[in-house]
Structures are given as C-alpha cells and as structure tokens.
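*Asks:* Numbering (the working numbering), first residue to last: 31 to 551.
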C-alpha cells in the first residue's frame, strides 16, 4: 500500500532529517496556511502541495496509488510536454525516489517519485462553476464558456490528447483564463502503450472508451460534455445542485450511458437555445453510434454556421436511414422468431391434444375395466353363495371347525348361539361362530348376502367347510326353542340321557321333531 495523504503531509513537513533528496539542495520549502497546515489540493490519485523555491511557487505532486510502469510513462510525457508552447499548458519535472516517507514505526518506509511544475493560482473549474451557480452569476458562466471554447479549438488542433479532461483538471486563474492540469493520461503517437496512466474521470468520458487503446480522438466527447454543461448552466444554474455528484458538473457516468433517455438530457431538451440543442444532437449521435470520434465538433464548437448545420442534418438523416435498416432487419428477425414461436405452440397444442385424448381413452378403459370387474365380482359372489348353500345341503365335514349359521326369515336371533350377538345378525345373512356351534338350516329358500370378513365375498376356507346342519321344522316357534351347548331343542321336549337341554321339563315325553347334533346324526 502506497503512502496516504496524511503520510505525505507528515513527510513534507518534517524538518530534521529532510524528507527530500535532490530537491533539498534547492532549498525547497512547503507553504503553510494560517493554521500552520500545508497548502494542498487532494485528488483521486495524488496530493499536491504548494512549495517555494527561489522565490517562485511550484506544485509538488505526490502519488497515493501504485501504478505499473508509471515512472517510464511519466518520463515519456515529460519529454513530450516540454516541446509544447501554449498558455493552456505548463511543463513539469519528474523526480524519481525523491520523498522519503515513514508509514509508521512498525510499518514500511521508502522513497517515492514526485512531479514538480509551476503552481497555478486560482480554482478548479468545478469549484468556480459551483460558486457561480450558487450566486446565479450568469455573466461569469458566459465568460468562462467563451474561454473554454477557445481552449477546445486549440486542443482539437493538436497531435496529442489530454486524456482526462474533467472539471477538476482544468484551472481557472484569477484573470479568468483556463489552464490544463493533471498530465497523467496524455496520449500521443510516439506512445507505445497506455500502461503507467492514472484512472480517468468517467463522468466526462464516452461510455465506450477503452483506456488500453491509444485513440487521439479521446478528448472530443469530453469537450462536448463540458460545452453542453457550461452552456446549459448559463440558462439554468440550478441544474448544478440538482445533478452534480461532486465530480461531474451535470452529467454522470450513468447519465452518459443512458444518453437521450436520461433525466438530465430530457431537461436540457426543454431549453430554447439553438446552439445548445445542436450540441445535444451531436451528443445523441455520438452515443448512438457508440464512437468517441465527433468529426463536426471542431467546426461546431464555436458556432453552428449554415454549412456545419447542413452537415449535421445530413449525418442525422444517414443515422435515421441506418436505424430504419436496422429496425427493418430486426423486425424481420422478430417476425421469424414469432412465426417459429407460433409453430412451436401449435405443435405443442397438437401434441397436448393427442396426449389428452390418450389420457381420456386410458381413463375410459380403466372405468370399463373397473365396471367389468365389479360385475364379475357380483357374479362370482352369486355363484359362491349358491355353492355354499349347496355345500351345506350335500356335504358333511370330515372334521368340524367353525360352523356357519344361515339365518332365514322366520328364525329369531334368540335361538342363535350366545357367541353371536343379535346386533351382528341380519336377515338372510351368513355369520360364523365358534367351533361345535349348531347350524340352522332355513326352511325357505332365501337370498343369502355374504357378510363375513370382506363385503360381497365368502372366504374360500368357509366355502370348503362342508358342514352338516341341524334341521328344525318350519312351524317351530322361536319362543319354544332353547339353546344348549351343542343343540337347539324345543322347550317341551324331554331329552334322552344323552340330551339334557337347559330349562327343559323331564315329565313330558314325545315329539314330532327330530333333533340333530352339529357334525352328524
């Protein structure tokens, strides 16, 4: 990390030992203000101190950011600028390893290069314009705009470019003259590459400018932005406080990218001034063409005569034709894309329609299959019921397990074994009981509804039980029957020694009914 502003301030104000190397022999002195603080200007990449040597004032520029190949680049610029003779620029000297800086007691220390050039009294263009706008001094703004036009005409005629034209890099002298400062981005033909340059202010640069490319038209867009800003502020000084971001006057990097869609541009279009509106037309052409070169600028920066105005119209017509051609081709592309989209959607719709039809067909088949299955189940249930009844009537089990009670219409629930509760007995139903329970054969053929383990079905193992029923005659009243462990008997019947029903009377003998034990006679 390179020294900061405070690091340099401590260094240049140090008396013993002196922080300077070669400049120490020239008896350099740092100028202090009324608060005994160094007079200085602070930028984004450097701090500039006001110093005195041989009764002349100079600017001592100390860099706060490390830049690769900076020394080699500044040496080339130093030689080039020394050949320029103009009131708009001043020569400078480069001193390598000149200022000795101690970062801190426990940190690095070293010597750093500095630039030395004549001190320019006055204010930066930014500060000058700010004060004029606050005071609404339109006269001063008009005069400084005239000075800017003159400097721009001279600069556009040169074989080099400043490279970083911005409001903070142009000085306004007490006499109202303009001078260029900050030569860290100068470009010229002899320059082989751009390494060593400092970053430039994007609030005055074309959005498509490439810092790594040497382009000798780099100042044209910056001049246009400054000219538009200074001219517009003459009419509406309040634009400064509305749009400034403390580095740009009324444009910012974002508004430059937005071009004619930016808020500041739309407000400038409402200012009724022929010169300003023509500058705005050049601005839009430059943004839309995405080029930093503005051929008409050198002839239009002072005034728009009939020839330059007609040429501007021709350029606008050419651009409109290009826009129409581009729009036509874009429309064709869009139409093609729309057609493809429509075809794709139609294809998808057809495929979806086929899919829906297939789904409907499958669902219909499922429903038909389910209905067929239900019919088969009902048919099997009917056949099974008949088979069960037939089994009851014609088969005798080899070994008795669980019996089946077939309840007919005229059989009362009370005659059933105690293990089957009346709540579970329904008319014409089949109910299983525990082993050795009696079976009642209905005396009338009634429909049998299976209700065993699964509705509408009779377990296969029950169908296979060939049970032998106990037969009770049709006209036996339920109230005359009594339940024993294994038989059902009439109350008035007197059983033999092997049959002793509960609640039976032994005195009376004889009966017309035959009793059968479950599982055999």
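For every residue, glycine included, the Cβ atom is placed at its ideal position computed from N, Cα and C. Given the structure is predicted, the values throughout are model-derived calculations rather than measurements.
What three-state label does DSSP hand residue 180 in the structure shown?
*Replies:* Residue mapping note: residue 180 aligns to position 150 of the chain shown, counting from 1. DSSP places residue 180 in helix when its eight states are reduced to three.
*Asks:* Under a three-way DSSP split, which group does residue 235 fall into?
*Replies:* Residue mapping note: residue 235 aligns to position 205 of the chain shown, counting from 1. The answer is coil: DSSP assigns residue 235 none of H, G, I, E or B.
*Asks:* Alpha carbons only, please: which of 340, 324 and 124 is nearest the one belonging to residue 236?
*Replies:* Locating residue 236 in the chain shown gives position 206, where the first residue counts as 1. Of the candidates 340, 324 and 124, the one whose C-alpha sits nearest the C-alpha of residue 236 is 324.
*Asks:* Who are the Cβ neighbours of residue 101 in its own chain at under 8 Å, not counting the five residues just before and after it?
*Replies:* Within the chain shown, the letter at position 71 stands for residue 101. Same-chain partners within the cutoff: 124, 126, 143 and 226.
*Asks:* Using a Cβ-Cβ cutoff of less than 8 Å, which residues in the same chain neighbour residue 261 once the five nearest sequence positions on both sides are dropped?
*Replies:* Reading the chain shown from its first residue, position 231 is the one you call residue 261. These residues qualify, in order along the chain: 175, 303, 305, 306 and 309.
*Asks:* Mind checking whether residue 185 and residue 217 have CB atoms under 8 Å apart?
*Replies:* Against the chain shown, residue 185 aligns to sequence position 155. Against the chain shown, residue 217 aligns to sequence position 187. No, Cβ-Cβ distance for residue 185 and residue 217 is not below 8 Å.
*Asks:* Based on DSSP bridge pairs, tell me the residues matched to residue 86.
*Replies:* For the purposes of this step, residue 86 is taken as the residue at position 56 of the chain shown. 83.
*Asks:* Ordered along the chain, which non-local residues of its own chain (more than five positions away) have a Cβ less than 6 Å from that of residue 122?
*Replies:* Numbered from its first residue, the chain shown carries residue 122 at position 92. These residues qualify, in order along the chain: 145 and 147.
*Asks:* Under the rule that 16 or more other beta-carbon atoms within 10 Å means buried, what is residue 293, buried or exposed?
*Replies:* Here residue 293 refers to the residue found at position 263 when the chain shown is read from its first residue. Residue 293 comes out exposed.
*Asks:* Ignore the nearest five residues each way along the sequence and tell me which others in residue 527's own chain have a CB closer than 8 Å to its CB.
*Replies:* The residue you call residue 527 lines up with position 497 of the chain shown. Any reading at residue 527 needs caution, since the residue's pLDDT is 38, under 50, leaving its predicted position unreliable; the model's value is listed next. Correct list: empty, nothing qualifies.
*Asks:* Can you tell me the Cα-Cα spacing of residue 242 and residue 46, whole angstroms?
*Replies:* Counted from its first residue, the chain shown places residue 242 at position 212. Counted from its first residue, the chain shown places residue 46 at position 16. Straight-line Cα distance between these residues: approximately 43 Å.
*Asks:* Is the stretch 346–366 touching the stretch 376–387 in the sense that three or more CB pairs, one from each, lie closer than 8 Å?
*Replies:* No, the stretch 376–387 is not in contact with the stretch 346–366.
*Asks:* What is the residue span of the beta strand (DSSP E) that residue 45 lies within?
*Replies:* In the chain shown, the residue the question calls residue 45 occupies position 15. First-last for residue 45: undefined, no H or E at that position.
*Asks:* Hey, quick one: how far does the beta strand (DSSP E) through residue 156 stretch, first residue to last?
*Replies:* Counting from one through the chain shown, the residue named residue 156 turns up at place 126. Residue 156 -> not in any beta strand (DSSP E); alpha helix (DSSP H) instead, spanning 155–165.
*Asks:* Mapping the DSSP letters down to three states, classify residue 436 as helix, strand or coil.
*Replies:* For the purposes of this step, residue 436 is identified with residue 406 of the chain shown, where counting begins at 1. Because residue 436 carries a pLDDT of 42, less than 50, the predicted location of this residue cannot be relied on, and the following value inherits that uncertainty. DSSP places residue 436 in strand when its eight states are reduced to three.
*Asks:* I need the straight-line Cα distance from residue 38 to residue 131, nearest angstrom please.
*Replies:* Indexing the chain shown from 1 puts residue 38 at position 8. Indexing the chain shown from 1 puts residue 131 at position 101. When rounded, the distance between both Cα atoms is 7 Å.
*Asks:* Can you give the Cα-Cα distance for residue 238 and residue 282, rounded to whole angstroms?
*Replies:* Locating residue 238 in the chain shown gives position 208, where the first residue counts as 1. Locating residue 282 in the chain shown gives position 252, where the first residue counts as 1. Each residue's Cα considered, the two are about 14 Å apart.
*Asks:* I'd like the list of long-range same chain contacts for residue 82, defined as Cβ closer than 7 Å, with 5 residues on each side in sequence excluded.
*Replies:* Position 52 of the chain shown holds residue 82. Within the same chain, residue 82 has close Cβ partners 59 and 61.
*Asks:* Would residue 354 be called buried (16 or more neighbouring beta carbons within 10 Å of its own) or exposed?
*Replies:* Within the chain shown, numbered from 1, the residue matching residue 354 stands at position 324. Residue 354 comes out exposed.
*Asks:* Any contact between the stretch 335–344 and the stretch 251–261? By contact I mean 3 or more CB pairs, one from each, below 8 Å.
*Replies:* Segments in contact, no.
*Asks:* Once DSSP output is grouped into helix, strand and coil, what is the label at residue 59?
*Replies:* Taking the first residue of the chain shown as position 1, residue 59 is located at position 29. Here residue 59 sits in strand by DSSP.
*Asks:* Starting from residue 151, trace the alpha helix (DSSP H) both ways and give me its first and last residue.
*Replies:* Locating residue 151 in the chain shown gives position 121, where the first residue counts as 1. That residue, residue 151, is in no alpha helix (DSSP H); it is neither H nor E in DSSP.
*Asks:* Based on Cα-Cα distance, which residue from 77, 368 and 365 lies nearest to residue 33?
*Replies:* Position 3 of the chain shown, counted from the start, is the residue given in the question as residue 33. Among 77, 368 and 365, the Cα nearest to that of residue 33 is on 77.
*Asks:* Roughly how many whole angstroms lie between the Cα atoms of residue 295 and residue 114?
*Replies:* By one-based count along the chain shown, residue 295 stands at place 265. By one-based count along the chain shown, residue 114 stands at place 84. Their Cα atoms are separated by approximately 37 Å.
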